[in-house]
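**Q** Attaching a single structure in structure tokens format; questions to follow.
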Amino acid sequence: MTPETVLQLREGERRTVPASVLAASGLSAGELQDRLARFVRLRRSWESGQVRVEAGRVVGSQTFGRLRVTVEPRLAAAEMAALIRYAWGRDLAKAQTQTRVAREGLDELIGRLLADEAQGILQQGLARRYERRTEALPVLRGRPAFTENFPWRPEGMTRIVCTHHQLTADNLHNRLVRAALERAVYLDVSVPTRRALAAHRAAWRGVAGAMAPSGPDFKRARERTDRLTEPYALALRLSELVLRGERPAGLFAAGEESAGFTLDMAALFEKFVERALRERAEKEGLTVRAQSPDRGAFLDDFGKPYRRVVPDLVVYRDGVPVAVVDAKYKPYWPASVGGRPERKVSTADLYQLFFYAQRLQLKHGLAEPPAAFIASPLPAAKEREAEPIDDRYRRVTWRAGGRAEGVVRLVFVPLTDMLHAVGSVRRNTLWAEVWSPLISLP
């Protein structure tokens with residue numbers, strides 16, 4: 013059933029809409045807010061019959077009843093394609109860095125990317141593995157399965173149950189891709205994209221069996237990645253997105269269904285920062301560790317972990333931490349009068365980073381805490397509605413008793429410019445320029 017009402021927003025947009033628009037969902041404003049959770053916030057408006065709608069950092073679409081809520085990313089389609097490919101580990105030297113789409117929207121973009129990855133897999137050759145088979149055959153193949161053949165079976169004179177290994181494309185990786193293609197043809201995509209997805213679905217139907225995947229299936233597939241299945245890496249991430257949605261927490265309630273899927277731009281930005289920083293740091297002899305949990309920071313009275321601490325990125329030189337980096341998908345760059353920040357770094361972000369730095373200092377017995385950085389996106393010059401803050405406002409010092417105990421520095425990541433350069437010769441130069449405040453640490 014096609015939704016009769018579409019509420020279309022841009023990432024971060026705030027708008028007042030008539031309450032009648034939301035009524036198409038068949039839910040009350042409170043119930044709809046519970047279903048949408050972090051995707052879109054609904055607030056009461058002072059105007060009669062109006063509702064304040066606020067889109068956040070999560071993009072995509074969700075459908076409830078006859079209402080479809082869509083949040084489009086700020087980035088253009090080609091830039092989003094490059095961001096997804098780069099953040100999710102695609103070798104861009106072998107990939108198409110510019111994806112042309114016939115329409116806007118996450119459905120179209122993900123559908124086009126999945127079709128492109130499927131085409132690339134077919135061109136390189138489907139992954140084939142030796143799979144264990146146990147079946148009744150007219151001739152002996154492999155070894156007989158004695159427990160299956162005895163006691164005597166009526167058809168034992170003509171067939172014998174054998175266990176053997178067969179080279180086949182009907183394996184976990186191809187089954188997961190097929191399951192995603194089965195679902196993707198029903199996304200809200202253009203006719204050319206749907207036609208491409210349907211053609212690939214027919215190809216995978218001919219080589220892989222059907223399955224209803226779950227989270228552990230994708231985890232097993234990632235753990236089995238090798239030379240043969242390496243080209244499937246991005247296709248599997250896209251397949252998981254299509255099939256499982258990566259929806260915000262709390263989206264579903266018992267008995268309620270929602271069509272569509274969403275993507276958290278903050279999580280995608282974190283993966284982008286991780287790969288970009290690692291590429292540059294490794295050239296300088298540094299090591300970057302991502303999401304490395306510290307379970308000994310908070311303990312209960314029994315000496316057991318109470319809460320674990322997980323910094324985004326820690327940079328090491330010869331095993332010694334020199335910097336801790338937190339990727340924040342927040343607009344900390346705009347300046348107001350006098351170059352002052354229009355939005356200051358939140359207290360929670362400052363506390364978090366200073367804690368990480370102090371914890372690493374104590375844990376490793378350092379004379380001073382490691383440098384602390386917040387990596388925040390910076391739009392391209394033509395996309396900015398204001399000037400970036402002055403350099404003197406990009407450092408926050410923590411003082412205790414008149415003594416400086418730590419410094420947090422803002423590093424602005426020119427996301428659009430980096431995405432344009434990711435497949436060009438400018439890549440190394442731009443990466444060095446962006447990460448120079450961190451790489452130049454003693």
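So for the sequence shown, the working numbering puts the first residue at 13; every next one is plus one.
By construction, the Cβ of each residue, glycine as well, lies at the ideal position given by its N, Cα and C atoms.
Just so you know, these numbers come straight off a predicted model, no measurement behind them.
Determine the contact status of Y98 and V434, defining contact as a CB-CB distance below 8 Å.
**A** Cβ atoms of Y98 and V434: closer than 8 Å.
**Q** Between V81 and F51, what straight-line distance do the alpha-carbon atoms span, to the nearest angstrom?
**A** V81 and F51: Cα-Cα distance of roughly 9 Å.
**Q** Decide yes or no for the touch test of the region 202 to 214 against the region 273 to 282: beta carbon pairs closer than 8 Å, at least 3 of them.
**A** Cβ pair count under 8 Å is below three, so no.
**Q** Classify Q74: buried if its beta carbon has 16 or more other beta carbons within 10 angstroms, exposed otherwise.
**A** Buried, by the Cβ-count rule.
**Q** Could you check the C-alpha separation between Q373 and V446 for me, to the nearest Å?
**A** So the alpha carbons of these two residues sit roughly 26 Å apart.
**Q** Alpha carbon to alpha carbon, how far is Q110 from I122?
**A** For Q110, the predicted model reports a pLDDT of 46, less than 50, meaning its position is unreliable; a value from the coordinates is still stated below. Cα to Cα, the separation comes out at about 13 Å.
**Q** Throw me the rounded Cβ distance for the G72 and R53 pair, which I believe falls under 8 Å.
**A** Their Cβ separation, rounded to whole angstroms, is 15 Å, which puts G72 and R53 out of contact at 8 Å.
**Q** If you count every other CB in all the chains shown that lies within 10 Å of the CB of F76, and 16 or more means buried, which is it?
**A** By the 10 Å Cβ count, F76 comes out buried.
**Q** Is it buried or exposed for D276, if we count other Cβ within 10 angstroms and need 16 for buried?
**A** D276 comes out buried.
**Q** Name the DSSP bridge partner or partners of Y328?
**A** Y328 is bridged to T299, P333.
**Q** Taking the alpha-carbon positions, what's the A444 to R292 distance?
**A** The alpha-carbon atoms of A444 and R292 are separated by roughly 7 Å.
**Q** Under three-state DSSP, which class holds W410?
**A** Strand, per DSSP.
**Q** Ordered along the chain, which non-local residues of its own chain (more than five positions away) have a Cβ less than 7 Å from that of L431?
**A** Result list for L431: E91, A94, L95, in chain order.
**Q** Between the alpha carbons of L188 and L248, how many angstroms are there, rounded?
**A** Distance between the alpha carbons of L188 and L248 is about 7 Å.
**Q** Would you report the Cα separation of R194 and R26, rounded to the nearest angstrom?
**A** The sequence shown places Glu at residue 194, rather than the Arg named in the question. Distance between the alpha carbons of E194 and R26 is about 35 Å.
**Q** Would you mind stating whether Y344 and V357 have Cβ atoms separated by less than 8 Å?
**A** Yes. Within cutoff.
**Q** Let me make sure I understand the geometry here. Which of P381, E354, L253 has the alpha-carbon closest to that of T409?
**A** Checking every option, the nearest Cα to that of T409 belongs to P381.
**Q** Ordered along the chain, which non-local residues of its own chain (more than five positions away) have a Cβ less than 6 Å from that of W100?
**A** So the qualifying residues of the chain are L246, R249.
**Q** Flag A335 as yes if its beta-carbon sits less than 8 Å from any beta-carbon of chain C, otherwise no.
**A** No chain C is present in this structure, which holds just one protein chain.
**Q** Which of helix, strand or coil does DSSP assign to D402?
**A** Coil.
**Q** Could you spell out where the alpha helix (DSSP H) holding G72 opens and where it closes?
**A** Where G72 is concerned, there is no enclosing alpha helix (DSSP H), although the beta strand (DSSP E) it sits in stretches over 70 to 76.
**Q** Label P30 either buried or exposed according to how many other C-beta atoms from any shown protein chain fall within 10 Å of its C-beta, with 16 as the threshold for buried.
**A** Exposed, by the Cβ-count rule.
**Q** Just the C-alpha distance for S455 and V83, rounded to the nearest angstrom, thanks.
**A** Since the displayed the chain opens at 13 and closes at 454, residue 455 lies outside it and no answer follows.
**Q** Measure the C-alpha to C-alpha separation of L390 and T428 and round it to an integer number of angstroms.
**A** If you take the alpha carbons of L390 and T428, they lie about 8 Å apart.
**Q** What does the alpha-carbon distance come out to for the pair R239 and F424?
**A** When rounded, the distance between both Cα atoms is 36 Å.
**Q** Where M223 and A181 are concerned, what is the direct C-alpha to C-alpha distance, given to the nearest angstrom?
**A** Approximately 14 Å, taken between the alpha carbons.
**Q** Please go through the region 145 to 210 and give each complete alpha helix (DSSP H) segment of 4 or more residues, from N-terminal end onward.
**A** Here the runs fully enclosed are 158 to 161, 184 to 196.
**Q** Quick one: is S388 buried, meaning 16 or more other Cβ sit within 10 Å of its Cβ, or exposed?
**A** Counting Cβ neighbours within 10 Å, S388 comes out buried, since at least 16 surround it.
**Q** A384 and Y368 look like a contact to me (Cβ under 8 Å); what is the Cβ gap, rounded to whole Å?
**A** With 8 Å as the limit, A384 and Y368 qualify as a contact, their Cβ atoms being about 7 Å apart.
**Q** Should D338 be labelled buried (16 or more other beta-carbon atoms within 10 Å of its own) or exposed?
**A** Its Cβ being crowded by 16 or more others within 10 Å, D338 is buried.
**Q** Quick test of your reading: A360 and D324, contact by CB under 8 Å. State the CB separation rounded to the nearest angstrom.
**A** Actually they are not in contact, since the Cβ atoms of A360 and D324 sit about 14 Å apart, beyond 8 Å.
**Q** Express the C-alpha separation of E16 and R153 in angstroms, rounding to a whole number.
**A** Approximately 59 Å between the Cα atoms of the pair.
**Q** Contact defined as beta carbons within less than 8 Å: I believe L19 pairs with V33. What is the distance between those atoms, to the nearest angstrom?
**A** Between V33 and L19 the Cβ distance is about 6 Å, and since that is below 8 Å, they are a contact.
**Q** Expressed to the nearest angstrom, what Euclidean distance is found between the alpha-carbon atoms of V219 and N186?
**A** Whole-angstrom Cα-Cα distance: 8 Å.
**Q** Along the chain, where does the alpha helix (DSSP H) containing L39 start, and where does it finish?
**A** From DSSP, L39 is part of no alpha helix (DSSP H); its letter is neither H nor E.
**Q** Excluding sequence positions up to five away, which residues of its chain have a Cβ less than 6 Å from the Cβ of R329?
**A** L298.
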